[in-house]
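K.L.:
Numbering (this note's numbering), first residue to last: 23 to 488.
Note that the Cβ used here is the ideal one computed from N, Cα and C, for glycine as well.
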């Protein structure tokens, strides 16, 4: 049965599962395409929510909204202690212990988020002292969903460990769909405010969380058998990967946390809109990273490095094509969709797009270190980036404003990519990943295209995909 879960063809507790068998028979190219399509849908939904909020609230209100809803994701990620990655790693390597691993990880995650929420409750008023009192109070109330956010990340990892990428993708589409409906109704009736928008955002994660609880409980049948031993196993890997997760969360949100404290709410609103439009480019990279890690676990180092690098090049090639489109249409989209008040975001959009392409390539390559059981390498690379982020933001943002923030992100992305390439050669002792596309990559791309066409046209039966 260990082989079944490794293929994603059975539930972790050993029972046959129809959807698992179906998932196990999709070729990797089709899984990647479905994940990319899901990611683009997610970004599209979030773009719609951003447009609704930006046009109704204007830069000042959009900045206040960002200050309120930033913290659940940030605190939830900071208190996860590497458990999502640790759960994937151990379930893939030891499927027979999946039930105990899932139950122990959930309990540990819940306890950690309660402590983190209590600490953040007292930190927020200090950091947001430039914001209105009602903004600070609502930001504190938003912290109440931190456990839901953290446990949702863990639940998605449980699905991905058993090959159910479709469920993971769908669970991420439900919240923005609900937000679109909520913001749309409030906009129609003219009652949308930063506070009501914040409530809509944070509560939208509750329905998919309930579904996730039921699904994971049914598939994994979590237990607390040998909980202390499982905690040691999870924390042994999670503790080493936590640095990478911590640094990754900080790398993604630290700039926003600092900008909201250094600039006005209006500037923060413009910055968030520019980030939102630039993040369209990240869809392919994020989807590839999600798939590469669980499928690269257990491979021989050279083979792992080759496959991870090839996936990274494919993802970056698609990312560049999307980036060119965004840069071409970006200024027009900002004026037409978000309004002329956000036209200043076009000034930093090229820098942010370039940063996402470079950063996404590096992030895909770093999945290889996690798959090789060397999360400490990722931690070191991420920490090096953060050590640059904070001083650069503190120096460049007061002097150059939003441009300074964008240049900081680009500088850090280039630094991390260089360190990632070097660590393959110096630490894993494998050839440095190739950056450019060659004929072999094009042949693989053609094969993937054939697999996708075959999978789409292949007839399905009740037994799954034949």
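1. Could you give the DSSP three-state label for residue 154: helix, strand or coil?
2. I'd like to know whether the C-beta atoms of residue 204 and residue 222 end up nearer to each other than 8 Å.
3. Which residue's Cα is closest to the Cα of residue 291: 190, 169, 367, 154?
4. My output table needs one value for residue 338: the three-state DSSP class, helix, strand or coil.
5. Report all residues from its chain with a CB closer than 6 Å to the CB of residue 293; omit the five preceding and five following residues, and keep chain order.
6. Using a threshold of 8 Å, state whether the C-beta atoms of residue 122 and residue 172 are closer than that.
7. Below 8 Å between beta carbons: does that hold for residue 392 and residue 334?
8. Would you be able to state if there are at least three C-beta pairs under 8 Å between the region 94-113 and the region 325-345?
9. Within a Cβ cutoff of 7 Å, which residues of the same chain sit near residue 90, ignoring the five residues on either side of it in sequence?
10. Relative to the C-alpha of residue 81, which residue among 276, 400, 376, 362 is closest?
11. If contacts are defined as beta-carbon pairs under 8 Å, then residue 65 and residue 301 qualify, I think. What distance do you get, rounded to the angstrom?
12. To the nearest angstrom, report how far apart residue 178 and residue 184 are at their CA atoms.
13. Determine the direct distance from the alpha carbon of residue 421 to that of residue 192, and round the result to whole angstroms.
14. Are the CB atoms of residue 295 and residue 187 nearer to each other than 8 Å?
15. On the three-pair Cβ rule with 8 Å, is the region 367-383 touching the region 408-415?
16. Roughly how many angstroms lie between the CA atoms of residue 380 and residue 124, to the nearest whole one?
17. Please report the Cβ distance between residue 427 and residue 419, rounded to the nearest whole angstrom; I am assuming they are in contact, meaning their Cβ atoms lie under 8 Å.
18. What is the DSSP secondary structure of residue 264, counted as helix, strand or coil?
19. Measuring CB to CB, does residue 275 end up less than 8 Å from residue 96?
20. Assuming residue 298 is part of the alpha helix (DSSP H), what are its boundary residues?
21. Is residue 395 near residue 437, with beta carbons less than 8 Å apart?
22. I want to know whether the region 125-136 touches the region 194-211 - three or more CB-CB distances under 8 Å.
23. Could you check if residue 346 is buried or exposed, using at least 16 other CB atoms within 10 Å of its CB as the buried criterion?
24. With a Cβ-Cβ cutoff of 8 Å, do residue 304 and residue 450 count as a contact?
25. So, for residue 489: in the same chain, excluding its five sequence neighbours on each side, which residues have a beta-carbon less than 6 Å away from its beta-carbon?
26. Between the alpha carbons of residue 239 and residue 230, how many angstroms are there, rounded?
27. Give me, in chain order, the residues of the same chain whose beta-carbon lies closer than 8 Å to that of residue 285; leave out the 5 immediate sequence neighbours on both sides.
28. Please report the straight-line C-alpha distance between residue 47 and residue 189, rounded to a whole angstrom.
29. In this structure, does DSSP put residue 95 in helix, strand or coil?
30. Which of helix, strand or coil does DSSP assign to residue 259?
31. At what residues does the alpha helix (DSSP H) containing residue 400 begin and finish?
32. Please list, in chain order, all residues of the same chain as residue 233 whose beta carbon is under 6 Å from its beta carbon, the five residues on each side excluded.
33. Using 7 Å as the cut-off, classify the Cβ of residue 331 as near or not near the heavy atoms of the ligand FAD, replying yes or no.
34. Quick one: Cα of residue 398 to Cα of residue 360, how far?
35. Buried or exposed for residue 453, going by 16 or more other Cβ atoms inside 10 Å?
P.N.:
With the given structure in hand:
1. coil
2. yes
3. 367
4. helix
5. 281, 424
6. no
7. no
8. no
9. 157, 160, 161, 164, 216, 220
10. 362
11. 6 Å
12. 10 Å
13. 42 Å
14. no
15. no
16. 34 Å
17. 5 Å
18. helix
19. yes
20. 287-300
21. no
22. no
23. exposed
24. no
25. The structure shown has nothing for residue 489, since the chain only spans 23 to 488.
26. 14 Å
27. 293, 419, 423, 424
28. Confidence at residue 47 is low in this model, with a pLDDT of 48, below 50, so the placement of that residue is unreliable and no value is reported for it.
29. helix
30. helix
31. 397-422
32. none
33. In terms of ligand content, the structure shown is empty, and the ligand FAD therefore cannot be addressed.
34. 41 Å
35. exposed
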